[in-house]
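Student:
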Amino acid sequence: MKAFMTRRKSLLVAASTALALSLSACGGSTSTSNPPVAEKPSFAADTTMAKLSSAGKIVIGTKFDQPLFGQKGLDGKPVGFDVEMGKLIAGKLGIPADKIEWKETVSANREQFIKNGDVDIIVATYTINDKRKAEVSFAGPYYEAGQALMVNKDNTSITKPEDVKGKNVCSVTGSTPAATIVEKYGAILVPAATYSACLEPLRNKQVEAITTDNVILAGFVAKEPDAFKLASDQTFTKEPYGIGLKKDDTVFRNWINDQLEAFAKDGSYKKAWEDTAGTVIKTAPELPTIDRY
Ligand code: GLU
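Letter 95 of the sequence shown, counting from 1, is numbered 102 in the numbering used here, and no numbers are missing.
(1) Excluding five sequence neighbours on each side, which residues of the same chain lie with their C-beta closer than 7 Å to the C-beta of Gly285?
(2) Comparing C-alpha positions only, which one of Val214, Ile288, Ala238 and Pro295 sits nearest to Lys245?
(3) Can you list, in chain order, the stretches of the beta strand (DSSP E) that have 3 or more residues and sit fully within the stretch 155-229?
(4) In chain order, what are the residue ranges of uninterrupted beta strand (DSSP E) at least 3 long that sit wholly in the stretch 72-110?
(5) May I ask you to list the residues that DSSP assigns as paired with Pro247?
(6) Which one of Pro168, Leu209, Lys212 and Tyr202 has the shortest CA to CA distance from Asp191?
(7) Tell me Ala146's beta-bridge partners as DSSP assigns them.
(8) Can you look up Cys33 in the DSSP assignment and give me helix, strand or coil?
(9) With respect to the alpha helix (DSSP H) encompassing Phe257, which residues constitute its N-terminal and C-terminal limits?
(10) So what does DSSP say about Phe120, is it helix, strand or coil?
(11) Taking just the CA atoms, how far does Pro184 sit from Phe88?
(12) Buried or exposed: Asp53, going by 16 or more other Cβ atoms within 10 Å of its Cβ?
(13) Just curious, the beta strand (DSSP E) that Thr242 is in, first and last residue?
(14) Since Thr55 is in the alpha helix (DSSP H), which residue starts that stretch and which ends it?
(15) Between Asn116 and Gly181, what straight-line distance do the alpha-carbon atoms span, to the nearest angstrom?
(16) Kindly give me the distance between the Cβ atoms of Leu209 and Leu224, rounded to whole angstroms, as I take these residues to be in contact under 8 Å.
(17) Report the partner residues of Lys47 according to the DSSP bridge assignment.
(18) Contact between the stretch 157-172 and the stretch 102-110 is defined here as three or more beta-carbon pairs at a separation below 8 Å; is this criterion met?
(19) Is Thr134 closer than 9 Å to Asp72 when the C-beta atoms are compared?
(20) Once the 5 residues before and after Met56 are set aside, which same chain residues still bring their CB inside 7 Å of it?
(21) Under three-state DSSP, which class holds Lys289?
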């Protein structure tokens, strides 16, 4: 996994209140895009691509409460960078956006949803790691995030992960940041099912920080810049995001990897970013080196 760990991007989170407010007012939370749909693409028989393409529909797991990556809009459809990635892949299978069934997946149920066949793929800020690879397979990475801490705006005592030792920190059950903050930094975990469920405990000081990936936290800060801030711009882990699929469906995994590289070449990866997370996080990513394990 070394190859895609080399590029570390600093985040330029929109700092001005006015900008952040205008973003939350018109920040794409209800807009939906319709990326190109391949006409009658052909696939080798018995592949997952052939099966999905001829069914004309796909079930995609994503987050429903994470601004910028996967958040359910007022029209009931999720929007965000993960959602755009899902739509682009569906399009290459000849499946239009309105034939995608979006299923909410939270951090703790992703492996099980894939194993049960509840979803065909998951695009949900889903870190690729060896423990998860024992249960599911991953295409990608298509983005690399890193763990960070979010605190109340008036907090001055927490600027690095070492500062949360022995303190209450909210994170999500089944996530990599929840494990790291306890095992490596000695925090007391206050677990929640989703990151948005951590916001009230932080606001009313039942916890001193929320921890997860920097880009997830940046989305919450952009929505409430007067309430919250990132403890620091530094991240303290690597969280390469993969697209989860059935374990050992190598043909499907390779095909998705090929599509990701094509999206980087034809500009659709960049556009997906600019339309979503890029409205807040100004440094546009480059597609990381694909991990063709
Ligand atoms: N990327 C981390 C993970 O997959 C944190 C974000 C999340 O929980 O979805 O565990």
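Backbone N, C-alpha and C define an ideal beta-carbon position, used for all residues, glycine too.
Tutor: Well, looking at it:
(1) Your numbering for residue 285 matches position 278 in the sequence shown. So the list reads Ala291, once near-sequence residues are dropped.
(2) Counting from 1 along the sequence shown, the entry for residue 245 is found at position 238. That would be Pro295, whose Cα lies nearest to the Cα of Lys245.
(3) 175-179, 195-199 and 216-220
(4) 77-79
(5) Along the sequence shown, read from residue 1 onward, the residue named residue 247 stands at position 240. Beta-bridge pairing links Pro247 to Glu151.
(6) Looking up residue 191 in the sequence shown gives position 184. Looking at the sequence shown, residue 191 is not Asp but Lys. Closest by alpha carbon: Pro168.
(7) Here residue 146 refers to the residue found at position 139 when the sequence shown is read from its first residue. BP columns for Ala146 point to Ile250.
(8) Translated into positions along the sequence shown, residue 33 becomes position 26. Confidence at Cys33 is low in this model, with a pLDDT of 37, below 50, so its placement is unreliable and the value that follows should be read with caution. Three-state DSSP puts Cys33 in a helix.
(9) Taking the first residue of the sequence shown as 1, we reach residue 257 at position 250. Before going on, a small fix: residue 257 reads as Thr here, not Phe. Its alpha helix (DSSP H) spans residues Thr257 to Asp273.
(10) Within the sequence shown, the letter at position 113 stands for residue 120. Helix, per DSSP.
(11) To locate residue 88, count along the sequence shown from 1; it is residue 81. To locate residue 184, count along the sequence shown from 1; it is residue 177. Cα to Cα, Phe88 sits roughly 20 Å from Pro184.
(12) One-based indexing of the sequence shown puts residue 53 at position 46. By the neighbour-count rule (16 or more Cβ atoms within 10 Å), Asp53 is not buried but exposed.
(13) Taking the sequence shown and counting its residues from 1, one reaches residue 242 at position 235. Here Thr242 belongs to no beta strand (DSSP E), and DSSP marks it neither H nor E.
(14) One-based indexing of the sequence shown puts residue 55 at position 48. Residues Thr55 to Ala62.
(15) Within the sequence shown, residue 116 is the residue found at index 109, counting from 1. Within the sequence shown, residue 181 is the residue found at index 174, counting from 1. Asn116 and Gly181: Cα-Cα distance of roughly 8 Å.
(16) Start at 1 with the first residue of the sequence shown, and residue 209 comes out as number 202. Start at 1 with the first residue of the sequence shown, and residue 224 comes out as number 217. Not confirmed; about 11 Å, so no contact.
(17) Along the sequence shown, read from residue 1 onward, the residue named residue 47 stands at position 40. Lys47 is not bridged to any residue.
(18) no
(19) Within the sequence shown, residue 72 is the residue found at index 65, counting from 1. Within the sequence shown, residue 134 is the residue found at index 127, counting from 1. No. Outside cutoff.
(20) Translated into the one-based positions of the sequence shown, residue 56 becomes position 49. The residues are Phe50, Leu100, Phe259 and Trp262.
(21) Against the sequence shown, residue 289 aligns to sequence position 282. Lys289 falls in the coil class under three-state DSSP.
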